[in-house]
Amino acid sequence: QKEVEQNSGPLSVPEGAIASLNCTYSDRGSQSFFWYRQYSGKSPELIMFIYSNGDKEDGRFTAQLNKASQYVSLLIRDSQPSDSATYLCAVLGGKLIFGQGTTLQVKP
Amino acid sequence: GAVVSQHPSWVICKSGTSVKIECRSLDFQATTMFWYRQFPKQSLMLMATSNEGSKATYEQGVEKDKFLINHASLTLSTLTVTSAHPEDSSFYICSAPSPGSYEQYFGPGTRLTVT
Numbered sequence: 029q030k031e032v033e034q035n036s037g038p039l040s041v042p043e044g045a046i047a048s049l050n051c052t053y054s055d056r057g058s059q060s061f062f063w064y065r066q067y068s069g070k071s072p073e074l075i076m077f078i079y080s081n082g083d084k085e086d087g088r089f090t091a092q093l094n095k096a097s098q099y100v101s102l103l104i105r106d107s108q109p110s111d112s113a114t115y116l117c118a119v120l121g122g123k124l125i126f127g128q129g130t131t132l133q134v135k136p
Numbered sequence: 400g401a402v403v404s405q406h407p408s409w410v411i412c413k414s415g416t417s418v419k420i421e422c423r424s425l426d427f428q429a430t431t432m433f434w435y436r437q438f439p440k441q442s443l444m445l446m447a448t449s450n451e452g453s454k455a456t457y458e459q460g461v462e463k464d465k466f467l468i469n470h471a472s473l474t475l476s477t478l479t480v481t482s483a484h485p486e487d488s489s490f491y492i493c494s495a496p497s498p499g500s501y502e503q504y505f506g507p508g509t510r511l512t513v514t
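Shown next as structure tokens:
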């Protein structure tokens, strides 16, 4: 079992829709969870981090964490073509472990 | 915000030669830096943890004699790919933890092509 799992996609949504990205992790002791966006040929950029169970909102982005289910998600509201990228879920235990990433395509 | 730089941004070298990649924290000190490798269509894989003043910690399966890491100062870590081969061609990214938080700042990456 991989430590951090994501559906590789691609996930395709129309412009203006909500994109839902999911991630599960295996280490119950993990405390910090991150969502990064990566454009092709570029390094990852941090979108959001979450430490506590529940929801955390920042603009069009909402991160959701459920430690009991070992599940973290990212919702992108009002998706824009510029949101098209690969989204990486990362979990911090003793080190930062990345999932394989989900490719999001937002179609105009 | 804090910035991490990498140099060079891209490099092409011949098989059998060595290549050095620099990672600098520009406005903060980093006693620890991380080196990742990313192959096309794959995620970031942690190669090693660079520790200022001590030996680097390598992940399982990473050859420490091939990927030499030197954390020369609180703002500089270098990764040297020795005797490079075409299969070492990849995107190498470094990161440094933000002081006082769990966030990591990533460098812009170095694209290595070995011919």
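Taken in sequence, the protein lines are chains A and B.
Following our numbering, the numbering of the first sequence begins with 29 at its first residue and continues without gaps.
Following our numbering, the numbering of the second sequence begins with 400 at its first residue and continues without gaps.
Glycine residues also receive a C-beta, built at the ideal position from the N, C-alpha and C atoms.
All values derive from a computational prediction rather than experimental measurement.
Between Tyr-504 of chain B and Ser-494 of chain B, the C-beta spacing is below 9 Å. Non-local beta-carbon contacts of Tyr-79 of chain A in its own chain, meaning distances under 6 Å to residues more than five positions away in sequence, involve Ser-60 in chain order.
Between Val-32 of chain A and Val-134 of chain A, the CB-CB gap reaches or exceeds 9 Å. A direct Cα-to-Cα measurement between Lys-454 of chain B and Lys-413 of chain B gives close to 28 Å.
Contacts with chain A at 9 Å (Cβ-Cβ) include Met-444 of chain B. Burial state of Gly-506 of chain B is buried, judged by a 10 Å Cβ sphere holding 16 or more other Cβ atoms.
Put simply, the backbone Cα of Gly-82 of chain A is about 36 Å away from that of Thr-474 of chain B. Fewer than three pairs of CB atoms, one per stretch, sit closer than 8 Å, so the segment 87-102 of chain A makes no contact with the segment 451-470 of chain B. Taking the Cα positions, Thr-430 of chain B is about 27 Å away from Asp-487 of chain B. Residue environment for Ala-96 of chain A: exposed (fewer than 16 other C-beta atoms within 10 angstroms of its C-beta).
One alpha carbon belongs to Ala-91 of chain A, the other to Phe-62 of chain A, and they sit about 9 Å apart. Per DSSP, reduced to three states, the secondary structure at Pro-109 of chain A is helical.
By the rule that beta-carbons nearer than 9 Å mark a contact, Ser-494 of chain B touches chain A. The beta-carbon distance between Trp-434 of chain B and Tyr-491 of chain B, rounded to whole angstroms, is 7 Å. This is short enough to meet the 8 Å contact definition. With a 10 Å radius around the Cβ and a threshold of 16 neighbouring Cβ atoms, Leu-443 of chain B comes out buried. Taking the CA atoms as reference points, Trp-409 of chain B sits about 27 Å from Ser-36 of chain A. The alpha-carbon separation between Thr-481 of chain B and Gln-437 of chain B amounts to approximately 18 Å.
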